[in-house]
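Numbering (the numbering used here), first residue to last: 5 to 241.
So this is what it looks like as structure tokens:
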């Protein structure tokens, strides 16, 4: 029910009479909504219950953000443009969720190399609890690459639709700006990681680093710039 309410509020905020509303707050809300959905689906197959407070807590924090950060309303009329915008946001959310799993892999890997893992950690008991209850590393790694594959496919479709829409508008292709550049860099990073996994068996910290770089590029492509414009420059102005 909570997820349904989250999605309902998200849909109402995105769609307005004048067009579609976009901003870093809307992106984070979509990100956390998909994060909850993926978590509920994958929890049935992978022991990731330790992530429940983090996932649900992030969703609770992100949900009211659009009340303070309104974003910008884009006059979107063409259905392909709507699909492009939605898929781009969904791709960002999926890669972001994969980045969270990559961080969890680091926690699990460090836990496996700690000799005192079975004893309570008097210095940081929370870390010890997280490590003891973290999912197994191999299933988590498989889940990571499943998410990255889906995210790469969605991002590829979003970029292709962007080219089609730009060609139809007589722009001669995608406009070369920071969003396009960082989106293409993120796409290339994910492609390189998936090829490295397929051809070279990449895993572990190499996979984590490439995943985080891909997510960082996507963040710079949209959410980071919108955050600066809406939360920082707007306040200063």
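Yeah, the Cβ is synthetic: ideal placement off N, Cα and C, and Gly gets one too.
For my contact list, residue i and residue j are in at a C-beta cut-off of 8 Å; report their separation, rounded to the angstrom.
i: residue 50; j: residue 144; result: 7 Å
i: residue 69; j: residue 29; result: 4 Å
i: residue 101; j: residue 151; result: 6 Å
i: residue 141; j: residue 112; result: 5 Å
i: residue 92; j: residue 162; result: 4 Å
Which stretch, first to last residue, makes up the alpha helix (DSSP H) that contains residue i?
i: residue 188; result: 182–204
i: residue 55; result: Note, residue 55: premise wrong, no alpha helix (DSSP H); not H, not E.
i: residue 213; result: 208–222
Ignore the nearest five residues each way along the sequence and tell me which others in residue i's own chain have a CB closer than 6 Å to its CB.
i: residue 224; result: 186
i: residue 200; result: 206
i: residue 97; result: 34, 35, 38
i: residue 215; result: 102, 103, 106
i: residue 165; result: 84, 87, 88
Near residue i, what residues of its chain come up, given a Cβ to Cβ distance below 8 Å and the 5 sequence neighbours on each side ignored?
i: residue 119; result: Reliability of the predicted coordinates at residue 119 is poor, the pLDDT of 47 falling under 50, and the value obtained from them is presented with this limitation in mind. The answer is none, since no qualifying residue turns up.
i: residue 213; result: none
i: residue 154; result: 98
Enumerate in chain order the residues of its own chain whose CB-to-CB distance from residue i is below 7 Å, with the five nearest sequence positions on each side excluded.
i: residue 168; result: 84
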